[in-house]
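Contents: one structure, followed by commentary.
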Amino acid sequence: ESENKSDGIVVSSVKVQRIEMANRISERMEHLRTTGGKSLSVVIMIGDPDIKTTFELVRIAIDIGVDVIELGIPIDKPFLDSDVMRKSMSRALEFSRDHQLYLKTLGKLREGFQDMPFEVMIYHDTVMDIGMDNFCKSLVDTGMDAVLVADGFLKGNEFICTLDEKLLNRGVVPIRFVSHPFNPQQIDDLQKNAHGFIVVQTKADHQGQREALLDENRQVLDEIRGAAIRLPLVLAYGINTSMDVRKCISLGADGV
Numbered sequence: 487e488s489e490n491k492s493d494g495i496v497v498s499s500v501k502v503q504r505i506e507m508a509n510r511i512s513e514r515m516e517h518l519r520t521t522g523g524k525s526l527s528v529v530i531m532i533g534d535p536d537i538k539t540t541f542e543l544v545r546i547a548i549d550i551g552v553d554v555i556e557l558g559i560p561i562d563k564p565f566l567d568s569d570v571m572r573k574s575m576s577r578a579l580e581f582s583r584d585h586q587l588y589l590k591t592l593g594k595l596r597e598g599f600q601d602m603p604f605e606v607m608i609y610h611d612t613v614m615d616i617g618m619d620n621f622c623k624s625l626v627d628t629g630m631d632a633v634l635v636a637d638g639f640l641k642g643n644e645f646i647c648t649l650d651e652k653l654l655n656r657g658v659v660p661i662r663f664v665s666h667p668f669n670p671q672q673i674d675d676l677q678k679n680a681h682g683f684i685v686v687q688t689k690a691d692h693q694g695q696r697e698a699l700l701d702e703n704r705q706v707l708d709e710i711r712g713a714a715i716r717l718p719l720v721l722a723y724g725i726n727t728s729m730d731v732r733k734c735i736s737l738g739a740d741g742v
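Every number in the working numbering is 486 more than the matching position in the sequence shown, counting from 1.
As structure tokens, this is what we get:
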């Protein structure tokens, strides 16, 4: 076991042995690959502004053909997210700060929408507040397909490997996140441990803004693919319009 550190990012070089299990996200992505389609994911913040609305938004997303629904669990300081996401989390927290309510809602959503690929988005501190074992058990028990710990790539080798060990063999995929600026040392971990798809953060301009999708995003996608990584690469952050989506696809993304 070893780890590399670069720019605050800890990159695992450990390969977790996995028993292949059915997973809705992996199956959906494989279907899109074989049919030449591109994936569309949306984020729905649980509890914004209430649970009833959450269910209505999920139903709408399914009806319009969304491929993956990311179910957000709110936190006070989502430092990696946009103003839109921060405001959404703030409204959700005004509704409830009860972690157990959010976990129970995951189960109810699965009961209501049994075929939909669901990915949970959460921050490290919330996982720790819930407890790693309890959180992982809840993901398995509620039938979630994947989890993205937004700041997990900053939290160290032990955290990332623990998620892999507790979830991969139980049908839940921990999604790998490639941040901007891209750290090439992540390639080894992506080759060994990425499953489902890989989220790639769009590049910011020299002022740190993402008001336009830069052509340079293609370079990151090409570098990852050049390492013989065949998983779908999904661009995220700063994608707000249909034109943004078209630009992402033209740059070579497998989805948004």
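Where is the CB? At the ideal position from N, CA and C, for every residue including glycine.
Residue pairing by DSSP places glutamine 687 opposite Ala722 in a beta bridge. The beta carbon of leucine 526 is closer than 6 Å to those of Val552 and Asp553 in its chain, skipping five residues each way along the sequence. When the alpha-carbon of leucine 717 is set against those of Asn703, His681, Met729 and Ile735, the nearest one is in His681. Between the C-alpha atoms of methionine 729 and isoleucine 548 there is a straight-line separation of about 22 Å.
For glutamate 556, no alpha helix (DSSP H) run applies; the uninterrupted beta strand (DSSP E) run containing it begins and ends at 554-558, by DSSP. For glycine 593, DSSP assigns no beta-bridge partner whatsoever. Separation of isoleucine 530 and glycine 724 (C-alpha to C-alpha, rounded to the nearest whole angstrom) is 16 Å. Among the bridge pairs identified by DSSP, phenylalanine 663 is matched with Val685. Taking a cut-off of 8 Å for Cβ pairs, the segment 563-573 and the segment 620-629 do not touch, as fewer than three such pairs fall below it. Residue environment analysis places arginine 510 among the buried positions, since at least 16 neighbouring C-beta atoms fall within 10 angstroms of its C-beta. Across the set Gln677, Val686 and Ile661, the C-alpha of Val686 shows the shortest separation from the C-alpha of proline 667.
Leucine 634 has Met607 as its beta-bridge partners, per DSSP.
Taking the Cα of glycine 738 as reference, the smallest distance to any Cα among Leu654, Lys590 and Leu719 is reached at Leu719. CA-to-CA, the gap between valine 606 and glutamine 672 works out to about 22 Å.
For aspartate 584, the closest alpha carbon among the candidates Ile616, Met571 and Gln600 is that of Ile616.
Residue pairing by DSSP places methionine 531 opposite Gly558 in a beta bridge. Looking from the CA of serine 624, the closest CA among Gly593, Ser665 and Leu579 belongs to Gly593.
Per the DSSP secondary-structure output, glycine 741 pairs in a beta bridge with Ser525 and Val720. By the Cβ-count criterion, methionine 571 is buried, with 16 or more other Cβ atoms from all chains shown falling within 10 Å of its own Cβ. For lysine 563, the secondary structure class from DSSP, reduced to helix, strand or coil, is coil. For lysine 573, the three-state secondary structure derived from DSSP is helix. Here DSSP, grouped into helix, strand and coil, assigns leucine 700 to coil. In this structure, the straight-line span from the alpha carbon of aspartate 536 to that of arginine 577 is close to 9 Å.
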